[in-house]
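Residue numbers (the numbering used here), protein chains in the order written: chain A, 21 to 735; chain B, 5 to 258. C-beta atoms are modelled at their ideal positions from N, C-alpha and C, and glycine is treated no differently. Right, one structure below, let's go through it.
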Amino acid sequence: MTVPMGDPAATAAGSVEPWAGEREPAQKPDEPSLSAGEWLTKNLFSSPVNALLTVVFSLFVFLVVRGLLNFMFSEERTWRAVKTNMRFLFTHAYPQEQYTRIWVCVGAIAVLSGLSVGLLARVGGGISMKKLSMNLMGTGAVIALGIVLREPSAIVDDEGLALHRDVSEAVGGSFAGWLDSNAFTVLAVLVLANVALAVWFHRQDTYLRGGPEPRIAHGALVLASFGVLMVQQYASGEVVRESFADAMLDRAWWWLAAAALAGAGAALWIGLGDARRRHTFVPAMYVFFAVAGVMVLSSWVYPWGHYGFLEGEFIAEPGSTVAMTTKLPWTVMLLLLVATYHLGRVLRAARAGPKLRVPLNLLWVLTPFVLYWAVLRDPDLDWDHVLSTDLPMALFFAAFGGLVMWFLAHPRIGEAGRVIAAVLVAVAALNWVAAYLGWYPMLQKARISFLLLAVVALLAHNFAGDRSQRMKLVAAWVATMAVFHWLVTLVNSPSTVDTPTDALIGGFGITLIVAVFTLLLAFPMGVLLALARTSKLPIFRVLSTAYIEVFRGVPLITVLFFFTLIFNLFLPQSMTLVDIAGATIGFALFSAAYLAENIRGGLQAVRRGQYEASDAVGLTTVQRTLFIVLPQALRVSIPPLVGQVIATFKETSLLAIVGIFDFLRIADKVISAQSEFLGVKREGLLFVSFIYWLFAYNMSKHSQRLEKRLGVGER
Amino acid sequence: MSVSDATTALTEELAARDDMIVCEGVNKWFGDFQALDGITAIIKEREVVVVLGPSGSGKSTWIRCINRLEAHQEGRIVVDGVELTNDLRNIEKIRSEVGMVFQQFNLFPHLTVEDNVTLAPIWVRKKPKGEAEELARSLLERVGIPEQAEKYPGQLSGGQQQRVAIARALAMEPRIMLFDEPTSVIKEVLDVMKELALSGMTMMVVTHEMGFAREVADRVIFMEDGQIVETGTPEHFFTDPREERTKLFLSQIL
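Right under this line is the structure:
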């Protein structure tokens with residue numbers, strides 16, 4: 021796991037012939053580690069103005085953090101509402117006896133994640149010991165700061181209600197009382213003293229070159245300001261609180277945790293020494309395993325309490341450990357993740373990575389469809405209909421279309437291929453005319469499949485080649501048909517299959533499902549729209565521009581209302597879209613417009629020479645677009661695309677407004693209507709925000725890694 | 005043998021070969037600006053022609069018209085017996101027979117060197133993948149950079165990129181190679197181009213590299229303001245040019 025340090029001799033030898041040698045970047049020599057004092061001087065107090073900015077903004081952060089902590093840990097918070105309704109928040113009223121399905125899905129995601137990370141993560145990469153120990157010490161320090169900042173707990177009576185007092189009576193005359201009434205003046209004096217200090221030292225010309233006095237003085241003034249704020253907080257409340265010393269003692273466990281983290285970090289820091297802590301890496305997954313392991317282990321031993329809401333009964337057993345139905349599955353999930361991660365490492369060591377990349381990516385794309393099925397399948401599904409109608413239809417189109425593709429991808433097909441495809445397109449178009457005129461009744465699914473077949477046939481000659489190329493085209497077609505028929509069978513009911521509805525799952529589950537399917541639909545649409553908008557054919561350009569401008573000009577919520585309330589009126593009688601499907605389509609159409617604009621930006625960044633070079637080697641327009649232009653355009657547009665993905669993920673909270681029981685709605689409406697927790701909303705909303713943030717933050721982090729790996733900006 | 009004798013001998017020998025590129029009265033405008041003005045020339049099989057001229061004289065435009073990266077507006081261009089029209093099939097046919105090496109190389113930055121070379125053989129020539137890879141390896145060997153196959157263009161120097169660009173064009177097994185001002189002409193690239201010329205490839209090279217013109221060219225064409233000013237063997241061109249404009253250009257550049 022140790023990477024050798026750069027060898028200066030090797031670097032010099034590599035630069036003899038600029039064109040012949042590899043351009044391996046020379047290894048940068050280590051920058052010297054700064055001591056804490058040097059770091060502060062360099063970053064926070066480098067000039068009088070910077071020092072003042074540091075002072076003012078740290079006071080601001082202090083106030084915000086204190087407010088948040090006091091809110092979260094106040095005696096008035098009913099966090100039990102969140103604990104009790106955990107399952108509600110994540111899956112709504114998913115039937116208890118069917119819950120295994122949820123765990124199968126989580127397990128499938130754990131297996132795929134473990135395998136992917138294990139296969140892709142760099143050998144010897146990860147988090148450096150320096151960063152790890154700094155993070156540990158930092159976390160310890162933040163916890164310690166939190167312990168001090170949070171106001172002392174209120175003293176409660178026998179019924180658990182906080183005791184109140186008359187403020188003026190309780191602290192009148194004392195120093196604390198005086199400070200309370202003059203807090204603003206005192207703080208203003210302290211801040212102005214900071215200004216005066218900075219100016220004075222600056223005049224003396226000793227600000228940076230002199231000793232540490234100015235910074236020590238600044239620090240002392242900042243600490244004094246914090247002190248004023250804390251005493252003021254203690255004196256101003258109407259609630260009777262325990263003394264500061266008692267509060268600190270009460271939080272002994274927290275102190276212990278902070279000390280343990282900071283101690284571990286410090287031990288690593290001191291024990292390893294500078295060079296080793298920079299160049300020793302621990303895989304990021306191990307850090308994750310450690311944290312998750314501690315959490316899972318604690319669920320078996322620590323009395324977190326067992327809370328729940330089952331069949332109308334509220335469960336509250338404060339002294340016991342977490343319910344078996346929670347801790348057992350999570351333990352299994354963690355073990356699955358650890359096992360598959362190591363399996364991935366083994367496969368990587370066996371150099372199976374390049375071979376497995378395509379199947380793994382395919383699995384990732386197909387998994388949502390399978391999981392969607394696993395979670396949402398109606399227990400009373402009409403299997404006879406599926407077997408008698410849907411399955412044969414899917415098989416027919418897969419086989420027939422596969423044969424057509426195989427034939428049309430023959431290397432010497434030439435003009436004949438295009439003619440056959442054109443005939444297929446004409447027949448497909450007439451088939452739709454027939455549908456509108458009411459002739460030849462046929463399931464819509466068959467009509468759409470045939471149209472798809474014709475369009476793909478039109479493109480087939482671009483992918484002509486030897487056996488393996490033709491097989492790829494056939495496989496792509498079969499996969500398209502499988503996914504398409506699966507989705508239509510599930511989401512829609514043109515063939516009278518009972519569809520699962522939003523009644524089955526809700527909460528975060530529905531948020532994820534809608535977000536994932538929105539993106540799966542919106543991405544291809546966005547790419548097509550962007551290509552159409554930059555196309556040479558005016559009809560495509562006009563249509564795509566009109567589409568984009570319309571959807572960007574309409575509020576998302578109206579689009580959602582249209583697709584959940586009005587759209588069904590336009591559909592043939594046998595067809596209805598359930599709310600989730602309608603909302604997903606609305607989201608997808610909306611996001612596609614935005615994605616298209618982002619991708620168009622990327623398309624414009626592809627240089628003209630790339631088009632010319634593709635033309636000069638004889639690629640067709642379709643091949644040029646697929647192999648040359650799109651890969652480069654998409655790579656450039658990763659940052660805005662991820663921004664759009666995150667926006668879409670958060671926008672799913674609008675589901676609450678169109679009447680779907682999504683994550684936000686459970687926190688906002690469902691919990692606060694329960695008899696135990698009437699009107700308790702704020703805890704749930706804070707929790708929901710945290711989970712949204714956690715996911716969005718991880719997406720953003722992941723995209724940064726992706727950008728780095730694909731070398732955006734290097735080109 | 006005098007210069008004029010040599011010219012006569014060459015003309016006779018060339019007359020016996022097939023025409024590869026025929027241009028008759030080719031005119032092209034960019035807006036109101038006339039880029040090509042009545043270009044008429046015949047380039048024979050296995051001939052190496054160097055096109056010289058000051059910048060803006062229309063040299064690049066001319067060779068870009070020959071594989072239809074630009075469309076001419078008047079006149080006829082016939083490449084290997086196929087006339088260039090708007091008919092898509094003709095363009096496809098000609099592009100698969102004419103290889104082009106660009107001034108900026110225009111390699112595909114997201115593909116490895118090997119994939120850059122195999123892309124067109126697989127998708128345009130419909131070659132099996134293994135065969136295309138073998139071809140790529142032998143071509144990279146031929147241009148002298150077999151060890152760079154797994155790298156990306158961004159990791160290569162200018163001269164190496166230029167050679168990849170030549171290999172990519174050769175992978176289509178063209179009958180004609182067009183070189184559009186290969187800027188960073190280092191020795192290795194020149195060697196590759198000379199070797200190509202000796203192997204009997206029909207070549208049209210727009211360049212400022214007088215050495216290459218002197219050593220390798222069968223014929224030099226001098227252009228200015230979209231017109232062909234003078235044509236002749238290198239000996240004739242560099243030692244005894246007829247036209248005033250040619251003399252002026254040579255005095256500036258030599």
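Quick one: does residue i have its CB under 8 Å from some CB of chain B?
i	result
Glu727 (chain A)	no
Phe19 (chain A)	Shown here, chain A extends from 21 to 735; a query on residue 19 (chain A) therefore has no answer.
Ile648 (chain A)	yes
Ser515 (chain A)	Caution is warranted here: a pLDDT of 45 is assigned to Ser515 (chain A), below 50, making its placement in the model unreliable, and no coordinate value can be reported.
Gly629 (chain A)	yes
Ala442 (chain A)	no
Gln652 (chain A)	yes
Pro431 (chain A)	yes
Give the interface partners of residue i over in chain A, defined as CB-CB distance under 7 Å, in chain order.
i	result
Pro132 (chain B)	Asp486
Glu96 (chain B)	Gly638
Arg99 (chain B)	Asp635, Ala636, Gly638
Taking 7 Å as the cut-off, is the CB of residue i close to at least one heavy atom of the ligand FMN?
i	result
Val378 (chain A)	Inclusion of the ligand FMN in the displayed structure is not the case, the ligand content being empty and no account of it being possible.
Whose C-beta lies closer than 6 Å to the C-beta of residue i among residues of the same chain, with five residues either side of it excluded?
i	result
Met719 (chain A)	Ile666
Phe112 (chain B)	Asn120
Lys97 (chain B)	Val86
Ala71 (chain A)	Phe65, Ala218, His238
Gly230 (chain B)	Gln38, Ala39, Leu40, Asp41, Gly62
Trp426 (chain A)	Arg490, Val494
Any C-beta of chain A sitting closer than 8 Å to the C-beta of residue i?
i	result
Met104 (chain B)	yes
Phe112 (chain B)	yes
Glu185 (chain B)	no
Ala124 (chain B)	yes
Arg172 (chain B)	yes
Arg179 (chain B)	no
So, residue i versus residue j, is the Cβ gap smaller than 8 Å?
i	j	result
Ala442 (chain A)	Leu471 (chain A)	no
Ile619 (chain A)	Val547 (chain A)	yes
Val498 (chain A)	Gly422 (chain A)	yes
Met353 (chain A)	Ala141 (chain A)	no
Phe417 (chain A)	Ser469 (chain A)	yes
Val307 (chain A)	Ile147 (chain A)	yes
What residues from chain A crowd round residue i, counting only those whose CB sits closer than 9 Å?
i	result
Val128 (chain B)	Val637, Gly638, Leu639, Thr640, Gln643
What's the call for residue i, buried or exposed, on a 16-neighbour Cβ count within 10 Å?
i	result
Pro238 (chain B)	buried
Met313 (chain B)	This structure cannot speak to residue 313 (chain B), because chain B is shown only from 5 to 258.
Gln164 (chain B)	buried
Tyr322 (chain A)	exposed
Asn482 (chain A)	buried
Arg644 (chain A)	buried
His184 (chain A)	exposed
Thr120 (chain A)	exposed
Ala608 (chain A)	buried
Pro412 (chain A)	exposed
Val637 (chain A)	buried
Glu179 (chain A)	exposed
Phe710 (chain A)	exposed
For residue i, I'd like the list of residues in its chain whose CB is within less than 8 Å of its CB, leaving aside the five on either flank, ordered along the chain.
i	result
Val128 (chain B)	Ser100, Met176
Pro45 (chain A)	Reliability of the predicted coordinates at Pro45 (chain A) is poor, the pLDDT of 48 falling under 50, and no value is obtained from them.
Gly373 (chain A)	Leu139, Leu140, Leu367
Taking residue i as the query, report the chain B residues whose CB atoms sit under 9 Å from its CB, ordered along the chain.
i	result
Glu632 (chain A)	Arg68, Leu73, Met104, Phe106, Asn110
Arg655 (chain A)	His114
I'd like the list of long-range same chain contacts for residue i, defined as Cβ closer than 7 Å, with 5 residues on each side in sequence excluded.
i	result
Phe110 (chain A)	Gly527, Phe528, Gly529
Thr351 (chain A)	Val316
Pro338 (chain A)	Gly325
Val147 (chain B)	Arg167, Ile170, Ala171, Val196
Pro150 (chain B)	Arg141, Leu144
Leu169 (chain A)	Val85, Arg86, Leu89
Can you list the residues of chain A that residue i reaches, using a CB-CB cut of under 8 Å?
i	result
Asp176 (chain B)	Note that residue 176 (chain B) is Met in the sequence shown, not Asp. Val637, Gly638, listed in chain order.
Members of the region 484-507 of chain A near chain E, C-beta cut-off 8 Å: Structure shown: chain E not included; protein chains present are A and B.
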